[in-house]
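Residue numbers (UniProt numbering): 1 to 332.
Cβ atoms here follow ideal geometry from the backbone N, Cα and C, with glycine treated the same way.
As the structure is a prediction and not an experimental result, all values here were calculated from the model.
Some notes on the structure that comes next.
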């Protein structure tokens with residue numbers, strides 16, 4: 001069980017009523033809290049929890065509309081996302097309890113200070129390298145619309161200026177990361193047809209391809225609902241159309257693709273996690289047509305080339321710079 005869940009269960013008597021578990025891990029916690037509901041924006045966690053606890057887990061970027069007597073926020077890594085979630089919960093909890101749980105190295109003590117404007121905060125527990133905090137919301141904040149927290153910036157691509165819209169919690173929020181910038185310089189000679197922007201984030205790559213190659217059928221896929229919401233906003237801001245999917249990794253992708261273009265993630269929360277990318281590399285062949293191409297940017301220290309070659313075929317380094325490499329491989 002996740003250590004944060006273990007800390008909650010040390011105080012289980014506090015959590016027996018109507019409870020919203022926000023950003024909860026995909027573990028066994030809900031089986032011990034029969035009156036709790038979950039709110040998730042991670043498609044993989046939602047699939048796991050939804051199969052075990054049907055009708056008890058809400059998915060999306062907005063809190064469920066049902067009434068709840070208390071809420072627990074499992075602290076996310078991104079500070080801006082934590083700000084949004086704390087507001088979304090506290091604005092609904094006048095006179096009721098908001099709990100915050102997280103790892104010490106994830107910044108739980110600093111995040112707990114954000115609760116003080118709502119009422120007197122208390123640290124209830126510290127164990128498993130985690131802390132649990134509580135506040136009775138005496139002064140609820142006004143609710144803030146998610147779209148109002150978006151960061152907007154422009155980048156120059158072939159075909160003109162591309163407007164990017166980034167929501168809290170999305171990778172490289174409010175700026176173009178170096179890996180994507182290098183990949184954008186190397187999207188020439190892409191095969192025509194159906195392209196997948198895997199791990200689309202704010203939609204920079206997929207939108208840039210659609211701008212440059214209007215006839216390309218672009219699908220954007222991400223595991224995170226905030227990311228796919230950002231991609232839809234980016235497409236709308238540029239008058240572009242593409243398919244946008246929220247799904248659990250490459251297994252959710254269409255088949256018969258001509259291109260998989262990706263700057264894949266390798267972090268989850270405060271921990272390093274390569275699983276989604278390694279699963280992509282192992283299964284890309286199943287989703288590409290014969291002759292279809294994988295084009296990927298990654299940190300130079302990540303040893304992806306042997307994995308690509310063992311599962312897809314010969315892999316070349318197209319370009320490298322500023323600590324990144326672009327790999328290109330075709331399905332034989």
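For residue 160, write down the residues that DSSP places opposite it in a beta bridge.
As a position in the chain shown, residue 160 is number 160, starting the count at 1. 157.
By Cβ distance below 8 Å, which residues in the same chain neighbour residue 87 in space, the five residues on each side in sequence not counted?
The residue given as residue 87 occupies position 87 in the chain shown. The residues are 141, 143, 144.
In terms of residues, what are the limits of the beta strand (DSSP E) holding residue 260?
The residue given as residue 260 occupies position 260 in the chain shown. Counting along the chain, the beta strand (DSSP E) containing residue 260 begins and ends at 257 to 262.
Where does residue 203 sit, in a helix, a strand or coil, going by DSSP?
Residue numbering aside, residue 203 sits at position 203 when the chain shown is read from its first letter. In the structure shown, residue 203 sits in coil (DSSP, three-state: anything other than H, G, I, E or B).
Would you list the one or two residues that DSSP bridges to residue 317?
Within the chain shown, numbered from 1, the residue matching residue 317 stands at position 317. BP columns for residue 317 point to 327.
Helix, strand or coil for residue 16? Go by DSSP, reduced to three states.
Translated into the one-based positions of the chain shown, residue 16 becomes position 16. Note: residue 16 maps to coil in three-state DSSP.
Through-space distance from residue 137 to residue 82, alpha-carbon basis:
The residue given as residue 82 occupies position 82 in the chain shown. The residue given as residue 137 occupies position 137 in the chain shown. Looking at the two C-alpha atoms, the distance is approximately 17 Å.
Mapping DSSP to helix, strand and coil, what is residue 104?
Here residue 104 refers to the residue found at position 104 when the chain shown is read from its first residue. Of the three classes helix, strand and coil, the one that applies to residue 104 here is helix, per DSSP.
Buried versus exposed, by CB contacts within 10 Å (16 or more), residue 55
Within the chain shown, residue 55 is the residue found at index 55, counting from 1. Its Cβ having fewer than 16 others within 10 Å, residue 55 is exposed.
Nearest to residue 299 by alpha carbon, out of 328, 279, 263, 285?
The residue given as residue 299 occupies position 299 in the chain shown. The shortest C-alpha separation from residue 299 is found at 263.
With distances taken between CB atoms, is the gap from residue 226 to residue 306 smaller than 8 Å?
Counting from 1 along the chain shown, the entry for residue 226 is found at position 226. Counting from 1 along the chain shown, the entry for residue 306 is found at position 306. It is not a contact, given that the beta carbons lie outside the stated cut-off.
Residue(s) in a DSSP beta bridge with residue 299
Along the chain shown, one-based indexing puts residue 299 at 299. According to DSSP, residue 299 bridges with 324.
Indicate whether the contact test is met: 3 or more Cβ pairs, each with one atom in the stretch 189 to 198 and one in the stretch 307 to 322, closer than 8 Å.
Look at the beta carbons and you see the stretch 189 to 198 not touching the stretch 307 to 322: under three pairs across the two are nearer than 8 Å.
Look up residue 4 in the DSSP assignment and give the residues it is bridged to.
Here residue 4 refers to the residue found at position 4 when the chain shown is read from its first residue. DSSP lists no partner for residue 4.
Residue closest to residue 134, alpha-carbon to alpha-carbon, out of 206, 85, 163, 100:
Along the chain shown, one-based indexing puts residue 134 at 134. Residue 100 is the option with its Cα nearest to residue 134.
Close-in-space but distant-in-sequence residues of the same chain around residue 276 (CB under 6 Å, 5 per side omitted):
As a working mapping, residue 276 is identified with position 276 in the chain shown. These residues qualify, in order along the chain: 249.
Rounded C-alpha distance that separates residue 26 from residue 104:
On the chain shown, residue 26 is found 26 positions in, with the first residue counted as 1. On the chain shown, residue 104 is found 104 positions in, with the first residue counted as 1. Taking the straight line joining both Cα atoms gives about 20 Å.
Collapsed DSSP secondary structure at residue 61 in the structure displayed:
In the chain shown, residue 61 corresponds to position 61, counting from 1. In this structure, residue 61 counts as coil in the three-state DSSP scheme.
In this structure, does DSSP put residue 96 in helix, strand or coil?
Taking the chain shown and counting its residues from 1, one reaches residue 96 at position 96. Note: residue 96 maps to coil in three-state DSSP.
Hey, how far is the Cα of residue 256 from the Cα of residue 221?
As a working note, residue 256 is residue 256 in the chain shown. As a working note, residue 221 is residue 221 in the chain shown. Using only the alpha carbons, I get a separation of about 15 Å.
So the alpha helix (DSSP H) residue 32 belongs to, where does it begin and stop?
For this step, residue 32 is matched to residue 32 along the chain shown. Residue 32: member of the alpha helix (DSSP H) spanning 29 to 32, first to last residue.
Bridge-paired residues (DSSP) for residue 172
Translated into the one-based positions of the chain shown, residue 172 becomes position 172. Answer is none; residue 172 lacks a bridge partner.
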